[in-house]
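Student: Pasting in a structure now, in structure tokens, and then I'll have a few things to ask.
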Amino acid sequence: MLLIQYFYLALINITLAEWNFDFLKNLFEISSPKDTKDQAIRQPKISYGIIIDAGSTQTRLYVYEWKGPSNATDSPYINPMIKHGYQVRFVKDGGLNDIPVKEISTYMEDLVDSALGVIPEESQSETPLFLLATGGIRVLRPAIAEEITANLKDYLGRKANSPFKFDQDFGVQVIPGEFEGAFDWLAVNYVFGSLHKDSAKDTVISLDMGGASVELTFEPSNRIKDGAFPLRVNGTDRILYTKSFLRFGRNQALIRHRVNLVNEVFENDPDLKRKCTKCKPLEVTDPCFPHGYVQRMYKPYFNRQIRFLGSGDYPLCNIYTKKLLKLTQYCPAEPCSINGAYQPSIPDNRPIFALDTFAKTAEYFKCSPISTSSCIDHKAQEFCQDARIQHFENGKTQYPHNLHPLKQQHLSASLVVVDPITGQGDSFEYNRCFLASYIVNMLQNGFKIDPHREIHFGDFYNGTSIGYTLGAMIYELERYSFTHGVCPDKPTEGLLRN
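In terms of mature numbering (1 follows the signal peptide of the UniProt record, and there is no 0), the sequence shown is residues -17 to -1, 1 to 481.
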């Protein structure tokens, strides 16, 4: 079923009889449930699906596979494609939000060609492809976002460019943050084997921080006032609490942090706002970055060039990063967390799984895979106080690549990150202390998670890469199996067993 249409229809109580399943019917060429046996014979032994994750700093293409349909009652058994012992994932550096529209076709060509190299030719025309854009596109002006998505649809819809099965209406979507959070939750609970359990207390809590947004999702034990997200899994109706915080991801948080620092300097000295043609660059101290760190602001501020100088003052950094959470905002429905948003208490005695920037930051400070926010805080205090740039590892590596034996093909030559506020190539490594402080404040003061509560930090579980794209693929096939009473074959015990 379609990613967004399903929930919109559910929310206005439209019955199953009124739903239009033509898209999925055509997508999988299903004529009726009674033809399932004959169709299974005609279908290839392995089916494939593609999810392209258009994030704010990278675009990643994932290939999933499953066996042909059969009668089943559990969730669809989906595996990431494995080649030579490694998961297949193609990565294109730079988000679509930063790519000139005229270059989109060239940008996408590398990704599509890479998928053509791993999916058998005879299966390509039957392989559904979805491109899902997240926070990086959500923060753009609507007109710009629409221009980008229109160009993507035009490119992916042309068979000369991509032979994969693509729907013009729903093949490219800018998904709301709440869907991203729900898909995270689906993926995490899928690999944990929790989706077949009826009780909410047996499910896992998911956290995800990307470049532009942060998502928190869990199944509450009691009724909630806001943030309800209906979901049907394994024939069971569930209500999730999910909240997405746009502009609270790592890059957007850094932008706001730097703006706050500059504004503070100008507020303390109003004379700085006077027009100045030959002034020296204004130096602004950033306590969240190490001694020796120097970076200029991309655009002048009140006609003044700005240079950020690291001072390595971790306690002061904590004060600034806590302000980014906007915990003093008006709270219309208590209890509240970040930016005045309603958040029911996170249930005790359930596993918490924290993805992406949470996981990579914890790994950097050797607080993974299972640890606490207190561990990150203590390690960061030791490392970041009076830190110098020489203390940091390879200054041109975006993330440590020893997190897991995952082979991914990078389709861009450079891994240098462009700092969103300076416009220059910058090292993600130098952001580590800022991120540690920001994440600890978010977990402890924002989400009210006990500093000593165990959290599973990681992007993998039992050898499987976890992320919202896996959840999106599960969701698509769950809708399909719910409609037609069939789903892909699965192993005899557990989920995601090789």
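Just so it is clear, CB atoms sit at the ideal spot from N, CA and C, and this is done for glycine as well.
Please read all numbers here as calculations on a predicted model, not as lab measurements.
Touch check for the region 209 to 220 and the region 254 to 272: three-plus C-beta pairs under 8 angstroms?
Tutor: no
Student: Can you give the Cα-Cα distance for Ser356 and Thr304, rounded to whole angstroms?
Tutor: Between Ser356 and Thr304, the C-alpha separation is close to 15 angstroms.
Student: Looking at the structure shown, is Ser145 part of a helix, part of a strand, or coil, going by DSSP?
Tutor: coil
Student: Below 8 angstroms on the Cβ atoms is my guess for Ser204 versus Gly160; work out the distance and round it to an integer in Å.
Tutor: Between Gly160 and Ser204 the Cβ distance is about 23 angstroms, and since that is not below 8 angstroms, they are no contact.
Student: Considering only the beta carbon of each residue, do Glu198 and Ser177 sit closer than 9 angstroms?
Tutor: A distance of 9 angstroms or more separates the beta carbons of Glu198 and Ser177.
Student: Within the same chain, show all residues whose beta-carbon is closer than 6 angstroms to that of Asp191, passing over the 5 residues directly before and after it, in chain order.
Tutor: Asp167, Glu198, Leu338, Asp339
Student: For Ser182, does the count of other Cβ atoms within 10 angstroms reach 16, so buried, or fall short, so exposed?
Tutor: Burial is judged here by how many other beta carbons sit within 10 angstroms of a residue's own beta carbon; Ser182 has fewer than 16 and is exposed.
Student: In chain order, what residues of the same chain have a beta carbon less than 7 angstroms from the beta carbon of Lys362, not counting five sequence neighbours either side?
Tutor: Phe348, Lys349, Cys350
Student: In chain order, what residues of the same chain lie with their CB nearer than 8 angstroms to the CB of Leu79, ignoring the 5 residues before and after it?
Tutor: Ala37, Thr42, Ile87, Tyr90, Ala116, Gly119, Ile120, Ile131, Leu135
Student: Would you kindly report the start and end of the unbroken alpha helix (DSSP H) that includes Ala419?
Tutor: 415 to 424
Student: Considering Cα atoms alone, identify which of Ser320, His67, Ile33, Phe272 is closest to Phe366.
Tutor: The shortest C-alpha separation from Phe366 is found at Phe272.
Student: From the DSSP output, read off the bridge partner residues of Gln70.
Tutor: Residue pairing by DSSP places Gln70 opposite Ile65 in a beta bridge.
Student: Can you tell me the Cα-Cα spacing of Leu44 and Ile238, whole angstroms?
Tutor: Taking the CA atoms as reference points, Leu44 sits about 27 angstroms from Ile238.
Student: Between the beta-carbon of Leu308 and the beta-carbon of Phe417, is there less than 9 angstroms?
Tutor: no
Student: Using alpha carbons as the reference points, say which of Arg206, Ile102, Phe113, Gly210 lies closest to Ser320.
Tutor: Closest in C-alpha terms to Ser320, from the list Arg206, Ile102, Phe113, Gly210, comes Gly210.
Student: Counting C-beta neighbours from all protein chains within 10 Å, is the total for Ser108 16 or more, i.e. buried, or is it exposed?
Tutor: exposed
Student: Apart from the five residues on each side of it in sequence, which residues of its chain come closer than 8 angstroms, Cβ to Cβ, to Asn251?
Tutor: none
Student: Quick one: complete beta strand (DSSP E) runs, 3+ long, within the region 217 to 277?
Tutor: List check, beta strand (DSSP E) in window: 219 to 229, 265 to 269.
Student: Specify the secondary structure class of Val46 as computed by DSSP and reduced to three states.
Tutor: strand
Student: With DSSP as the reference, identify every bridge partner of Lys75, one or two as the case may be.
Tutor: Note: Lys75 is bridge-paired with Thr42 in the DSSP secondary-structure output.
Student: Write down the C-beta distance between residue 488 and Lys148 rounded to the nearest angstrom, noting that I regard them as a contact closer than 8 angstroms.
Tutor: Past the edges of the chain, shown from -17 to 481, lies residue 488, and the structure says nothing about it.
Student: DSSP puts Pro213 in a beta bridge; with which residues?
Tutor: Ile222
Student: Mind reading off the beta-carbon distance from Ile449 to Val171? Whole number of angstroms is fine, and I expect it under 8 angstroms.
Tutor: Confirmed, about 6 angstroms.
Student: Comparing C-alpha positions only, which one of Val187, Gln364, Leu169 sits nearest to Pro298?
Tutor: Gln364
Student: Which word fits Gln151, buried or exposed, when buried means at least 16 other C-beta atoms lie within 10 angstroms of its C-beta?
Tutor: Exposed, because fewer than 16 other Cβ atoms sit within 10 Å of the Cβ of Gln151.
Student: Taking the straight line between their C-alpha atoms, what separation do you get for Pro318 and Gln312?
Tutor: 12 angstroms
Student: Whose C-beta lies closer than 8 angstroms to the C-beta of Gly429 among residues of the same chain, with five residues either side of it excluded?
Tutor: Leu308, Leu310, Ser320, Ile321
Student: Run the CB neighbour count on Gln373, radius 10 Å, all protein chains shown included, and call it buried at 16 or more, exposed below.
Tutor: exposed
Student: Assuming Ile335 contacts His439 (C-beta within less than 8 angstroms), just tell me the rounded distance between them.
Tutor: 7 angstroms
Student: Going by alpha carbons, who is nearest to Gly293 out of Ile432, Val95, Arg371?
Tutor: Arg371
Student: Helix, strand or coil: which one does DSSP assign to Val174?
Tutor: For Val174, the three-state secondary structure derived from DSSP is helix.
Student: Run the CB neighbour count on Lys17, radius 10 Å, all protein chains shown included, and call it buried at 16 or more, exposed below.
Tutor: With a pLDDT of 42 at Lys17, under the threshold of 50, the modelled position of this residue cannot be trusted; read the value that follows with caution. Label assigned to Lys17: exposed.
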